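A.B. asks: Before anything else, here's the structure in question.
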Amino acid sequence: MTNSNNKSNQKNTESFDSMFDELAETSSESTVPEPQESARAKAIAKANVTFDQAFNKTTRPKTKSTNSFLRNFVMSIFSKQPLGHGISYAFGAIAMVAIAVPIVVSYNSGPAPTAIPPSVPTDRSKDHVSPHAVKDELVLEEIIIKKAQTSIQNQDADQGANQGVEAIAKAPTVTKMAQKTGTRTDLPAPTANRPTLETKRTSQNTTKKIKATTELFSQAEEESAFITAQSAAPQKLIGAYPTPEATVSSVPSRPDLGEEYPQYKRNQITHVSDKPVSTFSADVDTASYSLTRNQINRGFLPAQQAVRPEEFINYFNYDYPASKSKKQPFKPTVYVLDSPWNEGRKLIHIGIQGYDIEPEEAPDSNVVFLIDVSGSMNAQNKLPLAKQSILFLLNQLKETDKVSIAVYAGAAGVILEPTAVKEKVKITDALSKLNAGGSTAGGAGIELAYNLAQQNFDNDAINRIVLLTDGDFNVGQRSNRALLELVERKRKSGVFLSILGFGRNNYQDDMMQTLAQNGNGIATYIDTLQEAKKVMVDEATSALFPIAKDVKFQVEFNPSTVADYRLIGYETRALKTEDFNNDKVDAGDIGAGHSVTAIYEITPLGSKVQSVDTPRYADNQPNLSSRKNQNEYGFLKIRYKLPNEEKSTLLETAINVKQTTPSSDAQFSIAVAGFAQLLNGDTNTGALSMEDVAKMAKANKGADDFGYRTEFIQLVEMAELLQKN
Amino acid sequence: MNSDDLIRRCQNGDRESFDTLVRQHYDIIHRIAYKWCGDQHNAQDIAQQACIKLALSIGQFRFDASFKSWLYRLVINCAKDFYKSPNQAHNRHTQALDIEPAVSAKMERNQYARQILEHINHLPSDLKDTLVLVFGGGLNHKQAANELKIKESTVSWRVHEARKLLKQTFESATLPEHTTDAVGGAV
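This is how it looks when you write it as structure tokens:
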């Protein structure tokens, strides 16, 4: 097997050039035949018909606030009637596409809000589909797809239109998963022509259906108008400051799964009069930073969408004052300082430091290592590195901790039953026997791992699955959704999930992020032995032991003192205002010793750079006479749950206007924030340059025991060079 | 009208503009599809799916990338989806990186071509935009340079860079498994 691999490897390298040339038509003899005129005409005709149906049959009035409320409301209607698994996904997706598209397009031009599904269907897998991975539900979906395809090719367009509307009216279910992660339009050609599984209908029935659908929409509109009205008066939820008349703009909700990277719309400057409250989930993932570092070191700048500033900032350790007691696992530190990027603006720098666990206090661990051993894991920087990472962590565990190993490739299997860490030889033996080969069946593997974890579930221990993969979740779109749902269900059983990504590039970065988010875990990207050491040795306690889960931030800005604000990063962690108090809404977890940093840039009221004038005629004028209010820029609230609890605790503190001197650590974090913004194309950093970032970082490097900060500075300098090209 | 305007009109529901848009881009869509599958019949099917998908997704183009690059990704995804449906059984067995020697030459060629085409999606945007025009649009460097409003030499440089990057990616992906378990010799 190895021999033929070698041969084909060599062959691949040599034929790369010839293939590239062929694709580039370098010889300038085009190898591509002219498309047949009939095929061209047919394609154009069908496209036009689809366009008509999408844009003209279901027009809705253009109100900005209806958008995401409408969509969410419609989804919530549907979710009340659960159906079978596979069918529900198929119909849900069809329904959502058919509904979402007209809504999106009933707007004027301009960027679509974040809540709308991505334009291009997400394709999770590469070319190959493991035959083993086909299950009943997949077959069902494929039947639907096949029917859709044949119908597109054969059917008369008009017939198709009616059936399409039926599909909308019939589609009963969008599961909570689809709602949470947004719609995935991964089914091929999800057009209005797609037939339902039922046979043809009479035109009478069709008219009824169209009417029913229309009624559904207008009902939804009324409802959403109601919701809008409610949200315009948030006094019940908040109430620290009298709010000016608020026009509620679109609230960003949980992100959709985008292409390779989570697609998000960068946080723009928000006016306090529009939306005084900012809510988001904590995030300690670091994958975006490692990925970026990897790419810059290979000589190219990362794609803008790949850069998540919060993951850059949170990559480094900052020594904010930590909390002493376990009951309050962290405490917030807030700095207010002048913005280094824009004169007249300020930064509100919020840091929380989780307490660290002394070795003698470390809880027990029950860890399941789930390793992707599919063929794509063959590269030097994947499976061998994954194994090494496990060995590193093994050395950090207690002798009495339990470890088991499962693998997945064409199928999934256990290669080591739960074994005490004491029996190290047995464990390293099992690891050494691993080789890569076959295709991936991630879903089966994860299910198996959860079963293993639950088999050995220890109420007094931290039960965790560590998934090591190159992210090649090659199980097809339907299974990805099922996977996410599985992970979410299992999270409730108390098993934590960490995801370690290996290998080049960004494959499935968003899938891994979402899995980790849904599964109460972290996602990191390990590209070098050094990074493996950082995650599995230096920060092992963070990786192993959560100290708080579902950590949410909410800041209410004071309209008397703040004109506008902008949160740097956390776009993929945005929460709705009402999600903050809702314990059912999942959020990020914090491990022992983790710190989380969030930075807002604000424009104080009355600053000469204020972009929008203070409302003159608003009903609630800023309460200028109250002394208390004048001293505060805002009010910070943090909710968290202790790892074994289901009910959250609230921490709150006022953010005073008084300037403070940030610690050197905090300044370093600001340099990092600057770097991330420069890389992701943010336009709000004024005259900031890479050189400025490097300077600020150098000045605040500190002891840098592990060298991460020096590495950062080098990265900045390299990025500067690459930008010049 | 310029192309941005045309797209905006489409997004506002203007039928004629959409018709123009599809006609303008059918060739590039077909070309990409053809390069993916190497056969005319399937290419036409894929191209049709892509046109339909374009009708559905045009509203979601956010003008934050070149339209053709966005379109490129759309077509590639349609192509992939096309091969995943059950009636395309001959593509079931192909693996991305470990190519079975027994597979016929044509399938192997397709496999390889697809990886390259797929990887274009991951290139930095300037390289990607250029390659999309050259690979997808079938433009020569001069024509691409005109469209991108850059120098022809820049186009050539970009194609060269992209070739390098893609090649690197392929080479690092196909290293055989070593016998030692650990990286760098340490255990």
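Protein sequences, first through last, are from chains A and B. When we follow this note's numbering, the leftmost residue of the first sequence carries the number 1, and every step to the right adds one. When we follow this note's numbering, the leftmost residue of the second sequence carries the number 726, and every step to the right adds one. By construction, the Cβ of each residue, glycine as well, lies at the ideal position given by its N, Cα and C atoms. Quantities reported herein were computed from a predicted structural model and do not represent experimental measurements.
(1) Tell me the rounded alpha-carbon separation between G634/A and T577/A.
(2) Does V334/A pass the burial test, meaning 16 or more other C-beta atoms within 10 Å, or should it be called exposed?
(3) Buried or exposed, going by whether 16 or more other CB atoms sit within 10 Å of the CB of K647/A?
(4) Which bits of chain B does K46/A rub up against, with CB to CB less than 7 Å?
(5) Using a Cβ-Cβ cut-off of less than 7 Å, give me the residues of the segment 856–886 of chain B that come near chain A, in sequence order.
(6) Could you say which of T469/A, L468/A, Q454/A lies nearest to I462/A if we only look at CA atoms?
(7) Between the Cα of P329/A and the Cα atoms of A287/A, L467/A, S595/A, L383/A, which residue gives the shortest distance?
(8) Can you pull the chain B neighbours of L544/A, defined as C-beta to C-beta under 9 Å?
(9) Check whether the segment 519–526 of chain A and the segment 487–504 of chain A touch, using three or more Cβ-Cβ pairs below 8 Å as the test.
(10) So with Cβ pairs under 7 Å, would you call D854/B a contact of chain A?
(11) Would you verify that the beta carbon of D729/B is, or is not, closer than 7 Å to some beta carbon of chain A?
(12) State the Cα-Cα distance for the pair H844/B and N700/A, rounded to the nearest angstrom.
(13) Does the beta carbon of Y797/B come closer than 7 Å to any beta carbon on chain A?
(14) Output yes or no for whether 7 Å exceeds the beta carbon distance between I269/A and D564/A.
(15) I want to verify the contact list: residues of chain B whose CB lies under 8 Å from the CB of M690/A, in sequence order.
(16) Can you give the Cα-Cα distance for D806/B and Q774/B, rounded to whole angstroms?
(17) Judging by CA-CA distance, which residue of K326/A, P302/A, L337/A is the nearest neighbour of T660/A?
(18) To which residues of the same chain is Q554/A closer than 6 Å at the C-beta, ignoring the five residues directly before and after it?
(19) Leaving out five residues before and five after G344/A in sequence, what residues of the same chain have Cβ atoms less than 6 Å from its Cβ?
(20) Under three-state DSSP, which class holds S791/B?
(21) Taking Cβ-Cβ distances shorter than 8 Å, what residues in chain B pair up with A540/A?
(22) List the endpoints of the continuous beta strand (DSSP E) containing H349/A.
(23) From the beta carbon of L416/A, is the nearest beta carbon of chain B less than 7 Å away?
(24) Checking 7 Å against the spacing of the C-beta atoms, do T597/A and I313/A come in under that value?
(25) For H755/B and chain A, any beta-carbon pair shorter than 7 Å?
(26) Considering Cα atoms alone, identify which of E877/B, R888/B, S881/B, I732/B is closest to K793/B.
(27) Rounded to a whole number of angstroms, what is the C-alpha to C-alpha distance between F91/A and R787/B?
(28) So, does the CB of R40/A fall closer than 7 Å to a CB anywhere in chain B?
(29) Quick check: T310/A and G674/A, are their CB atoms within less than 7 Å of each other?
(30) Taking a Cβ distance cut-off of 7 Å, strictly less, list which residues of the segment 629–642 of chain A are near chain B, in chain order.
(31) Identify the residues that DSSP records as bridge partners of Q554/A: which are they?
(32) Measure from the alpha carbon of Y808/B to the alpha carbon of each residue in A768/B, T745/B, Y797/B, then state which is nearest.
(33) Output needed for P302/A: all residues of its chain with C-beta closer than 6 Å, excluding positions within five of it in sequence on either side, in chain order.
(34) E311/A bridges to which residues according to DSSP?
(35) Report the option in N631/A, S290/A, A412/A whose CA atom is closest to the CA atom of K534/A.
(36) Kindly indicate which three-state DSSP category L575/A falls into: helix, strand or coil?
C.D. replies: Answer, in terms of the structure:
(1) Along the first sequence, one-based indexing puts residue 634/A at 634. Along the first sequence, one-based indexing puts residue 577/A at 577. G634/A and T577/A: Cα-Cα distance of roughly 15 Å.
(2) Translated into positions along the first sequence, residue 334/A becomes position 334. That one is buried.
(3) Taking the first residue of the first sequence as position 1, residue 647/A is located at position 647. Result: exposed.
(4) Taking the first sequence and counting its residues from 1, the one referred to as residue 46/A is at position 46. Going along chain B in sequence order, the residues near K46/A (Cβ under 7 Å) are Q773, C776, I777.
(5) V859, F860, G863, N865, V884
(6) Locating residue 462/A in the first sequence gives position 462, counting from the first residue. Ranking the options by Cα distance to I462/A, first place goes to Q454/A.
(7) By 1-based counting over the first sequence, the position of residue 329/A is 329. Closest option to P329/A, Cα to Cα, is S595/A.
(8) Locating residue 544/A in the first sequence gives position 544, counting from the first residue. Neighbours of L544/A on chain B: none; closest Cβ ~22 Å, over 9 Å.
(9) yes
(10) Counting from 1 along the second sequence, the entry for residue 854/B is found at position 129. No, D854/B lies away from the interface with chain A (no Cβ there is under 7 Å from its Cβ).
(11) In the second sequence, counting from the first residue as 1, residue 729/B sits at position 4. With 7 Å as the cut-off, D729/B does not count as an interface residue toward chain A.
(12) Numbered from its first residue, the second sequence carries residue 844/B at position 119. Numbered from its first residue, the first sequence carries residue 700/A at position 700. For H844/B and N700/A, the distance between alpha carbons rounds to 39 Å.
(13) For the purposes of this step, residue 797/B is taken as the residue at position 72 of the second sequence. For Y797/B, the answer is no, since every Cβ of chain A falls outside 7 Å of its Cβ.
(14) On the first sequence, residue 269/A is found 269 positions in, with the first residue counted as 1. On the first sequence, residue 564/A is found 564 positions in, with the first residue counted as 1. In contact: I269/A and D564/A (Cβ atoms closer than 7 Å).
(15) For the purposes of this step, residue 690/A is taken as the residue at position 690 of the first sequence. Neighbours of M690/A on chain B: none; closest Cβ ~17 Å, over 8 Å.
(16) Position 81 of the second sequence holds residue 806/B. Position 49 of the second sequence holds residue 774/B. Cα to Cα, D806/B sits roughly 10 Å from Q774/B.
(17) Here residue 660/A refers to the residue found at position 660 of the first sequence. Checking every option, the nearest Cα to that of T660/A belongs to L337/A.
(18) Working through the first sequence from its first residue, we reach residue 554/A at position 554. Here the set comprises T279, F580, K637.
(19) The residue labelled residue 344/A in the question sits at position 344 within the first sequence. So the list reads S607, K608, V609, once near-sequence residues are dropped.
(20) Walking along the second sequence from the start, residue 791/B turns up at place 66. Looking at S791/B - three-state DSSP - the assignment turns out to be coil, as it is neither helix nor strand.
(21) In the first sequence, residue 540/A corresponds to position 540, counting from 1. Here the premise fails: no neighbours, minimum Cβ distance about 18 Å.
(22) Along the first sequence, one-based indexing puts residue 349/A at 349. Element bounds for H349/A: 346–354.
(23) Mapped onto the first sequence, residue 416/A falls at position 416. False, the Cβ-Cβ gap to chain B never drops below 7 Å.
(24) Translated into the one-based positions of the first sequence, residue 597/A becomes position 597. Translated into the one-based positions of the first sequence, residue 313/A becomes position 313. The answer is yes: Cβ separation under 7 Å.
(25) Taking the second sequence and counting its residues from 1, the one referred to as residue 755/B is at position 30. Answer yes: the Cβ-Cβ gap between H755/B and chain A drops below 7 Å somewhere.
(26) Counting from one through the second sequence, the residue named residue 793/B turns up at place 68. Comparing alpha-carbon positions, the option among E877/B, R888/B, S881/B, I732/B lying closest to K793/B turns out to be I732/B.
(27) As a first step, residue 91/A is located in the first sequence; it is residue number 91 there, counting from the start. As a first step, residue 787/B is located in the second sequence; it is residue number 62 there, counting from the start. Residue placement at F91/A is poorly supported in this model, since its pLDDT is 46, which falls under 50; the coordinates are not used for a value here.
(28) Translated into the one-based positions of the first sequence, residue 40/A becomes position 40. Chain B, which has a Cβ nearer than 7 Å to the Cβ of R40/A, makes this yes.
(29) Along the first sequence, read from residue 1 onward, the residue named residue 310/A stands at position 310. Along the first sequence, read from residue 1 onward, the residue named residue 674/A stands at position 674. One detail in the question is off: residue 310/A reads as Glu in this sequence, not Thr. For E310/A and G674/A, no; Cβs fall outside 7 Å.
(30) Of all residues in the segment 629–642 of chain A, none places a beta-carbon less than 7 Å from a beta-carbon of chain B.
(31) Sequence index remark: in the first sequence, residue 554/A carries index 554 (1-based). Paired residue(s): T279/A, K637/A.
(32) Stepping through the second sequence from its first residue, residue 808/B is reached at position 83. The shortest Cα separation from Y808/B among A768/B, T745/B, Y797/B belongs to A768/B.
(33) Start at 1 with the first residue of the first sequence, and residue 302/A comes out as number 302. Cβ neighbours of P302/A beyond the five flanking positions: T292, Q295.
(34) Here the question's residue 311/A lines up with position 311 in the first sequence. Its beta-bridge partners do not exist; DSSP assigns none.
(35) Taking the first sequence and counting its residues from 1, the one referred to as residue 534/A is at position 534. If we check each option's Cα against that of K534/A, S290/A comes out closest.
(36) Position 575 of the first sequence holds residue 575/A. In the structure shown, L575/A sits in coil (DSSP, three-state: anything other than H, G, I, E or B).
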